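What follows is a single structure, written as structure tokens, with notes after it.
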Amino acid sequence: DAGVTQSPTHLIKTRGQHVTLRCSPISGHKSVSWYQQVLGQGPQFIFQYYEKEERGRGNFPDRFSARQFPNYSSELNVNALLLGDSALYLCASSLSGTSVFFGPGTRLTVL
Amino acid sequence: GQNIDQPTEMTATEGAIVQINCTYQTSGFNGLFWYQQHAGEAPTFLSYNVLDGLEEKGRFSSFLSRSKGYSYLLLKELQMKDSASYLCAVSPNAGNNRKLIWGLGTSLAVNP
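Those sequence lines, one after another, are chains G and S.
Read left to right, the first sequence gives residues 1 to 111 (the numbering used here).
Read left to right, the second sequence gives residues 1001 to 1112 (the numbering used here).
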């Protein structure tokens, strides 16, 4: 069985640009969460979606948005990129909440 | 507020046992997770505790005391490949809202 997949694995953008990150959860998992992890720190919660509805939102500006599709895959969009948005973006999927599995992440570099 | 504390760094010797502690203060509690993260990689799930007591999984065990807001991860027969960051995370909410609150991680160095 495939685990959580994310694309792209690496991305380089310049300030002011827009980026879309993609995630496919483990088959059968309906919950997808997005996290931002800056080097040397724990992940910070951005969004959680369950059954295509937003169920939680972290303390991130409106430049960050996300959605979940009928097949439970998800996109994270970030507008007007800032240097501080450079981080590892992690997608996690969960079935029952007793185990949360992460994808390999997308390393975003903003120049 | 929500707070999770764990030591920043630990050092241990190959073959030894190490215990990594985590204390938490969160608005609610619906389970505590331990993850292992190697540099540049995504976190890998190790354990989940929601009831008090010890959960053993091979060389790794995790303990929870809800009344004390305390957990530890025990690693036995340490191997060099266990050198990594170990992250403690708490799920404060039940149901389908599964936001995790994370500690900053404990960087474990295993020496020969």
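Don't be surprised by glycine CBs; every beta carbon is placed ideally from N, CA and C.
No experiment lies behind these values; they were computed from the predicted model shown.
The Cβ atoms of F47/G and F1045/S lie no closer than 8 Å to each other.
Residue pairing of I1020/S in beta bridges, as defined by DSSP: L1073/S.
Segment contact: the segment 14-29 of chain G against the segment 1057-1077 of chain S, fewer than three CB-CB distances shorter than 8 Å; contact not assigned.
In this structure, DSSP gives K1081/S a helical state, which the three-state scheme calls helix. The straight-line gap separating the alpha-carbon atoms of S1062/S and E1014/S is approximately 20 Å. Burial check for R63/G: the Cβ neighbour count within 10 Å stays below 16, so the residue is exposed. Leaving aside the five residues that flank T109/G on each side, the residues in its chain whose CB is nearer than 6 Å to its CB run, in chain order, I12 and S86. For S24/G, the enclosing beta strand (DSSP E) starts and ends at V19 to S24. Taking the CA atoms as reference points, E1041/S sits about 6 Å from P104/G. The Cβ atoms of A1109/S and T1011/S sit closer than 8 Å to each other.
For the options S73/G, G40/G, G42/G and L39/G, the alpha carbon positioned closest to that of S33/G is the one of S73/G. Apart from the 5 residues on each side of it in sequence, A92/G sits with its Cβ closer than 6 Å to the Cβ of S33, V100 and F102 in its chain, given in chain order. Close partners of G1105/S in chain G (Cβ separation under 9 Å): G40, Q41 and G42. With its beta carbon at least 8 Å from every one in chain G, K1057/S lies outside the interface. Chain-order list of chain G residues neighbouring K1099/S: S33, F45, Q48, G56 and G58, by C-beta distance under 8 Å. Near chain G, meaning a CB-to-CB distance below 7 Å, the residues of the segment 1006-1034 of chain S are G1031 and F1033.
Residue pairing by DSSP places S65/G opposite N77/G in a beta bridge.
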